[in-house]
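Below you'll find the structure, written out as structure tokens, and then a few comments.
Residue numbers (my numbering), protein chains in the order written: chain A, 138 to 238; chain B, 138 to 238.
Written out as structure tokens, the structure reads:
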């Protein structure tokens, strides 16, 4: 499993719209075959900070995700809402292991 | 739900032992009533970097977790393995929501 953590900081005035657009994307993404989890969290101390945790079942799944209509819609919708460029960190899952996802 | 992300950097020589001790703690932690998820990931670019993602069902659950034997054992075992002090970031889950955890 490949786990991608996307770190996002949003302009204050866009928090609500960003949440709405991202819940839609997350919800659609969980129906993709290659996606085991798609979690969306908001920082408790700074509500402009968010993370996405995307657990992909194989190495092709991230590229397939980027070809979906819901990803493309999300990307173009939220682009102007970002306070700074988002960045990703890639992880391996150790626990739970692949069979328990 | 309260989601705690613990950021850990381990001394290179302790990577294997740290993984072993942390898998044991994670596995035991998932049996706690107050814990919905306890995920353990290793950074793909820097194998000395790890995160724990702990999803707690209520505000008392983190304190209850710290009272368990498996947490106490983990804490004392890994203390010397850390390259620098670990730190936590607290999140709210937005997606999935509580009922889907």
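Cβ atoms here follow ideal geometry from the backbone N, Cα and C, with glycine treated the same way.
Item	Value
Check the Cβ of residue 180 of chain B against every Cβ in chain A and list those closer than 9 angstroms, keeping chain order.	226, 227, 228, 229
Between the alpha carbons of residue 236 of chain A and residue 217 of chain A, how many angstroms are there, rounded?	38 angstroms
Checking contacts by CB at 8 angstroms: is residue 232 of chain A closer than that to chain B?	yes
Grab me the residues of residue 167 of chain B's own chain with a C-beta within less than 8 angstroms of its C-beta, minus the 5 sequence neighbours each way, in chain order.	174, 175
Given that residue 177 of chain B touches chain A, what residues does it touch there, using C-beta distances under 8 angstroms?	230, 231, 232
Can the beta-carbon of residue 225 of chain A be found less than 8 angstroms from the beta-carbon of residue 142 of chain A?	yes
Between residue 163 of chain A and residue 187 of chain A, what straight-line distance do the alpha-carbon atoms span, to the nearest angstrom?	13 angstroms
Would you list, in chain order, the members of the region 154-165 of chain A that have their beta-carbon closer than 7 angstroms to a beta-carbon of chain B?	156, 160, 163, 164
Is the region 177-195 of chain B close to the region 140-156 of chain B, with three or more CB pairs under 8 angstroms?	yes
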